[in-house]
Amino acid sequence: MLRVVNLTKKFGNFVVLNDISFSIEENEILGLVGPNGSGKTTMFNIISGLLSPNSGKIFFGGREITKLPPNDICKLGIARTFQIPRLFENLSVEENIFLGALAKYDIEKAKEKTHEIMRFFGIEKLRETKARYLTSGDRKLVELSRALATQPKLLLIDEIFYGFNPTEVDSVLEFLNEILKMGITICIIEHRLKQIMKILDRVIVLCRGKIIANGKPEEICSNKEVIKHYLGS
Ligand code: ADP
Ligand code: MG
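Note that my numbering gives residue 51 to position 49 of the sequence shown, counting from 1, and the numbers run on in steps of one.
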């Protein structure tokens, strides 16, 4: 579904991503993990078109998207959420989600889609609440809703559990399972490995701008490099 080929990104002289190549397969849930500062969010920023790489290419469904602006990438079917949600703070929950839906639908259909998604996440009661009054967990759900409203084929989620307390984690995992059942492919950055590993099909570990491991969760957990650089003994 998505192919990243020989991607390099520098900030000044600092090489954040160093000649990275990997793929995301249709219908999988792929985890992107690694120490803080290893370039995970930068990877999402490049795939979604917020940043340009210094070199390398990205293909989505066979089509090159490397130089496309974020709105075009969104229309092609890639949606993303942010580590710290970026909502339209003075707009209501409903309006935030509606704006996502407008990327794909006309006004009437977008309204319908917005309600469908609010029902899915059980946030109809919040529909008139302005984003700035939301709890951190609800902010995450609204951002996820806005991303889903664009009807993506591929959803990039940056640190889903950030903002949820431990008792809410299971319901978040349930939402992710439901999203997968809709036929949407997921790539997720997450630090709470114990919780996320159970639903991942595959894991890629980034460390100092390089992929140090790529495999099934159980392989990753016993990988010596990953233990040394990330998991610890
Ligand atoms: P991760 O998400 O894996 O924690 P990031 O991709 O956010 O890592 O950041 C990787 C490195 O790049 C960090 O050292 C960060 O400070 C740096 N960085 C990220 N974005 C920028 C930017 N826009 N300008 C300069 N440095 C940046
Ligand atoms: Mg990050």
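Even glycine gets a Cβ: it sits at the ideal position worked out from N, Cα and C.
Rounded to whole angstroms, Asn-47 and Glu-192 show a C-alpha spacing of 16 Å. The continuous stretches of beta strand (DSSP E) do not include Ile-186, and DSSP gives it neither H nor E. Residue pairing by DSSP puts Gly-33 in a beta bridge opposite Ile-190, Val-205. Residue burial is scored here from C-beta neighbours: Arg-121 has fewer than 16 other C-beta atoms within 10 angstroms and is therefore classed as exposed. Beta-bridge partners of Ala-103 (DSSP): none assigned.
Going by DSSP, Leu-19 is part of the beta strand (DSSP E) stretching over 16-26. In this structure, DSSP gives Glu-66 an extended state, which the three-state scheme calls strand. Counting along the chain, Asp-160 sits inside the beta strand (DSSP E) bounded by residues 156-160. Take the alpha-carbon of Lys-183 and the one of Phe-166: they are about 23 Å apart. Below 8 Å, enough C-beta pairs join the region 140-156 and the region 113-129 to call them touching: three or more.
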